[in-house]
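All residue numbers for the sequence shown refer to our numbering, where the first residue is 34 and numbers rise by one.
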Amino acid sequence: MKTKFLFFALVFALVSTISYRSSAQLYKSALGLRLGAANGITFKTFVNKNAAFEAIGTFRYRGFGLTGLYEVHGRAFNSRDFNWFIGGGGHVYTWGDDRPSWLTGDKRTVLGLDGILGLEGKVRTIPLAISLDWKPTVNIINYSGFWGDEFALSFRYTF
34 MKTKFLFFAL VFALVSTISY RSSAQLYKSA LGLRLGAANG ITFKTFVNKN
84 AAFEAIGTFR YRGFGLTGLY EVHGRAFNSR DFNWFIGGGG HVYTWGDDRP
134 SWLTGDKRTV LGLDGILGLE GKVRTIPLAI SLDWKPTVNI INYSGFWGDE
184 FALSFRYTF
């Protein structure tokens with residue numbers, strides 16, 4: 034009985050390792066810089082072989098924003114080094130006295146929805162992932178409007 038259990042445990046571990054390596058996942062987690070219309074930091078972690086959560090903290094208009102995204106990843110260019118990704122989530126941005134002129138009155142915070150579409154590559158020789166993405170935004174609370182200018186290049190340390 035013990036021999037059968039050990040055999041099946043070994044087979045399960047081997048199959049899990051093989052399917053992990055053939056998945057769209059290029060790394061487990063990554064932390065780095067996001068450079069674009071809104072500069073900041075980005076943290077991404079995979080929750081399974083094709084899906085990740087990304088948290089982005091950005092600075093824009095002398096304010097601060099937080100964005101949370103759920104992303105689906107897939108192989109790009111039939112290469113183990115590149116992924117495409119698409120996803121969505123939400124954001125909150127807040128500003129002090131130097132807030133944008135279109136935020137009238139006492140409105141200092143906006144809430145909204147985000148989408149994301151991008152391409153990511155992982156450098157094999159060093160723990161670095163580089164991505165280029167477009168993150169359109171629709172504000173819903175305190176300012177209704179579409180922002181389509183958030184193109185960004187991200188550099189992340191992978192671990």
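We treat Cβ as the ideally placed atom computed from N, Cα and C, and that holds for glycine.
Keep in mind that this is a model prediction, so the values were computed, not measured.
Practice item. Going by CA-CA distance only, name the one from Val171, Val105 and Ile174 that's closest to Gly151. Key: For Gly151, the nearest C-alpha among the options comes from Val105.
Practice item. Assign Asn175 to one of three DSSP states: helix, strand, or coil. Key: In the structure shown, Asn175 sits in coil (DSSP, three-state: anything other than H, G, I, E or B).
**Study point:** Rounded straight-line distance, which links the Cα of Pro160 to that of Leu64
**Key:** Rounded to the nearest angstrom, the two C-alpha atoms are 11 Å apart.
Point to revise | N- and C-terminal bounds of the beta strand (DSSP E) containing Gly129 | key: Counted as a single uninterrupted DSSP element, the stretch harbouring Gly129 is not any beta strand (DSSP E), since DSSP gives it neither H nor E.
Review point. How is the beta strand (DSSP E) around Lys77 delimited, first residue to last?
Key: Residues Asn72 to Asn81.
**Study point:** Rounded C-alpha distance that separates Tyr190 from Val143
**Key:** Counting only the Cα atoms, Val143 lies some 30 Å from Tyr190.
Practice item. Would you decide whether Tyr28 is buried or exposed? Buried here means 16 or more other CB atoms lie within 10 Å of its CB. Key: With the chain represented from 34 up to 192, any question about residue 28 goes unanswered, as that position is not in the structure.
Review point. Is the CB-CB distance between Ala162 and Lys155 below 8 Å?
Key: Yes, the Cβ-Cβ distance between Ala162 and Lys155 is below 8 Å.
Check your understanding: How is Ile159 classed by DSSP in three states: helix, strand or coil?
Key -> Of the three classes helix, strand and coil, the one that applies to Ile159 here is coil, per DSSP.
Exercise for review: Measure the alpha-carbon distance for Gly181 versus Ile149 and round it to whole angstroms.
Suggested key: So the two alpha carbons sit approximately 11 Å from each other.
Review point. Along the chain, where does the beta strand (DSSP E) that runs through Gly185 open and close?
Key: A small correction: the amino acid at residue 185 is Ala; Gly does not occupy that position in the sequence shown. Segment Phe184 to Thr191, the beta strand (DSSP E) holding Ala185.
Check your understanding: Among Arg67, Ser112 and Lys82, which one has its Cα closest to the Cα of Arg93?
Key -> Arg93 has its Cα closest to that of Arg67, out of Arg67, Ser112 and Lys82.
Practice item. Specify the secondary structure class of Ala109 as computed by DSSP and reduced to three states. Key: Note: Ala109 maps to coil in three-state DSSP.
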